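*Asks:* Residue numbers (this note's numbering): 1 to 245.
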Amino acid sequence: MRRTSREALIHGLTGVRIEAADRRGKYLLLPLDSGDELMIHLRMSGQVLLAQRGAPRPAHTHVVMELDDGTDLWFVDPRTFGEGVVFDPDRAAEQVPDVENLGPDPIRDEFSLSDLRRIVRPTRRALKPLLLDQPAIAGIGNIYADEILHRRRLRPDRPENSLDTRDERRLHEAIGVILAAAIDAGGSTLGDAQYVDLMGGGGSYQDDHRVYGRAGERCLTCGRGWIRRSVSGGRSTHWCAACQR
DNA sequence: AAACAAACCTGTGCGC
DNA sequence: TGCGCACAGGTTTGTT
Numbered sequence: 001m002r003r004t005s006r007e008a009l010i011h012g013l014t015g016v017r018i019e020a021a022d023r024r025g026k027y028l029l030l031p032l033d034s035g036d037e038l039m040i041h042l043r044m045s046g047q048v049l050l051a052q053r054g055a056p057r058p059a060h061t062h063v064v065m066e067l068d069d070g071t072d073l074w075f076v077d078p079r080t081f082g083e084g085v086v087f088d089p090d091r092a093a094e095q096v097p098d099v100e101n102l103g104p105d106p107i108r109d110e111f112s113l114s115d116l117r118r119i120v121r122p123t124r125r126a127l128k129p130l131l132l133d134q135p136a137i138a139g140i141g142n143i144y145a146d147e148i149l150h151r152r153r154l155r156p157d158r159p160e161n162s163l164d165t166r167d168e169r170r171l172h173e174a175i176g177v178i179l180a181a182a183i184d185a186g187g188s189t190l191g192d193a194q195y196v197d198l199m200g201g202g203g204s205y206q207d208d209h210r211v212y213g214r215a216g217e218r219c220l221t222c223g224r225g226w227i228r229r230s231v232s233g234g235r236s237t238h239w240c241a242a243c244q245r
């Protein structure tokens, strides 16, 4: 309830029908028949779970939404970084400016090669921060940024202004392929099982990670280099110093 | 302007 | 066994 109140959330959700389940980047968007929308962001540790009414709830269950089919939707979030808010789509620019400022979502929106060229600026900013920049391109997080760059053998610290046309084509291809493969596999559920689907099930894409979480291992792609890990601003980056250039 | 770091929190796993 | 520390999927805010 970072930008709303308990009362406003309860009022906005009581007696309404959820018309759809949509998404932009990492923001879940649920249009309601009241004309408002429920936005949920899970941040690092949030979960939305569907459960039988009365089932024992996990610790850190902050919101329980009772549905009319007898099931409950839980919002669970140990670290409390996540949030939910009911907003008026006509006033989205003031109520949820971060959602309004998102760049194109490569899965949800048209994302052509020229769309990628549009977000690559002639600066020395590195490719890793570019991929994590939600106002530039929406939805890519730390795991997939590393996996995308590894697939196309691009170093995370390669400056944006060093990309030639071939590099841009490669990066565009890798964004589509890695995200599609990860979605097919149900996402990446790491050891602490925080990322799970509505029914609490995990994904399997963590088994296909080539660099994320593999620091110190030999590169699965080239077989020559070792996977390196660096930390900047509390975020870790993984890459192969031999095959990523 | 851009590049960092800190802050927001709890839980887990490790070395000692 | 217990303590302290590093670290975790993200974003915002503040400081160089």
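Ideal Cβ positions, reconstructed from N, Cα and C, are used throughout, including at glycine. As the structure is a prediction and not an experimental result, all values here were calculated from the model.
Just to confirm the assignment, what range does the alpha helix (DSSP H) spanning Thr-165 have?
*Replies:* 165-184
*Asks:* For a test of the three-state rule: what should DSSP assign to Leu-131, helix, strand or coil?
*Replies:* helix
*Asks:* Tell me which residue opens and which closes the beta strand (DSSP E) that Glu-37 is part of.
*Replies:* Run containing Glu-37: 37-41, per the beta strand (DSSP E) assignment.
*Asks:* Would Tyr-212 and Asp-146 qualify as a contact pair, given that the criterion is a beta-carbon distance under 8 Å?
*Replies:* yes
*Asks:* Can you grab the Cα-Cα spacing for the pair Phe-75 / Thr-165, in whole Å?
*Replies:* 44 Å
*Asks:* If you count every other CB in all the chains shown that lies within 10 Å of the CB of Leu-113, and 16 or more means buried, which is it?
*Replies:* By the 16-neighbour rule on beta-carbons within 10 angstroms, Leu-113 is exposed.
*Asks:* Considering just the uninterrupted stretch of the beta strand (DSSP E) at Val-64, what are its terminal residues?
*Replies:* 61-66
*Asks:* Which of helix, strand or coil does DSSP assign to Pro-156?
*Replies:* coil
*Asks:* Going by DSSP, name the residue or residues bridged to Val-96.
*Replies:* DSSP, once it has assigned bridges, lists no residue as partnering Val-96.
*Asks:* Grab the span of the alpha helix (DSSP H) containing Glu-217 for me, first residue to last.
*Replies:* Where Glu-217 is concerned, there is no enclosing alpha helix (DSSP H), given that its DSSP letter is neither H nor E.
*Asks:* I need the boundaries of the beta strand (DSSP E) containing Arg-23, first residue and last residue.
*Replies:* 22-24
*Asks:* Since Ile-18 sits in a beta bridge, which residues does DSSP pair it with?
*Replies:* Leu-32
*Asks:* Can you tell me which residues form a DSSP beta bridge with Gly-84?
*Replies:* Ile-40
*Asks:* So is Gly-25 buried or exposed if we call it buried at 16+ other beta carbons inside 10 Å?
*Replies:* buried
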